[in-house]
Amino acid sequence: MTVKQYTIRNIPEPVDRYLRKRAKLSGQSLNTVIIEELSERAGTGKQTLLEALDWFIGSGIDDETLRAIEEEDKIQKELARKELNDAA
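Residues in the sequence shown are numbered from 643 upward in steps of one, following my numbering.
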């Protein structure tokens with residue numbers, strides 16, 4: 643896999659604060675957090691929606707709702723991939 647390098651300018655202050663706070667709280671580098679955020683938006687992230695909602699699991703959510711969340715996660719990733727391919 644070829645690795646690309648970017649230089650990004652004019653990051654809005656609220657976005658910068660969010661990314662830096664997330665990096666600090668997670669103990670990850672800012673670079674890692676940004677790559678994760680971009681990967682999620684592109685639909686190529688490693689974490690599923692169900693995994694992202696892991697903190698919520700066990701709070702009375704039923705299996706049918708979990709299946710619906712998983713299905714929605716698949717749909718959103720497919721749409722993001724299609725959007726990415728259409729833009730290319």
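The beta carbon of each residue, even a glycine, is placed where N, CA and C say it ideally should be.
Next item on the list: Identify the continuous alpha helix (DSSP H) that holds residue 677 and give its terminal residues.
Entry: Indexing the sequence shown from 1 puts residue 677 at position 35. Here the alpha helix (DSSP H) through residue 677 covers 672-684.
Next item on the list: Quick one: grab the DSSP three-state call for residue 717.
Entry: Taking the first residue of the sequence shown as position 1, residue 717 is located at position 75. Looking at residue 717 - three-state DSSP - the assignment turns out to be helix.
Item checked: Exposure label - residue 675; buried when at least 16 CB within 10 Å -> Mapped onto the sequence shown, residue 675 falls at position 33. Buried is the call here.
Note to self: Quick check on this structure: which residue in 683, 665, 647 has the alpha carbon closest to the alpha carbon of residue 726?
What the structure shows: In the sequence shown, residue 726 corresponds to position 84, counting from 1. Minimum Cα-Cα distance from residue 726 among the listed residues 683, 665, 647 corresponds to 683.
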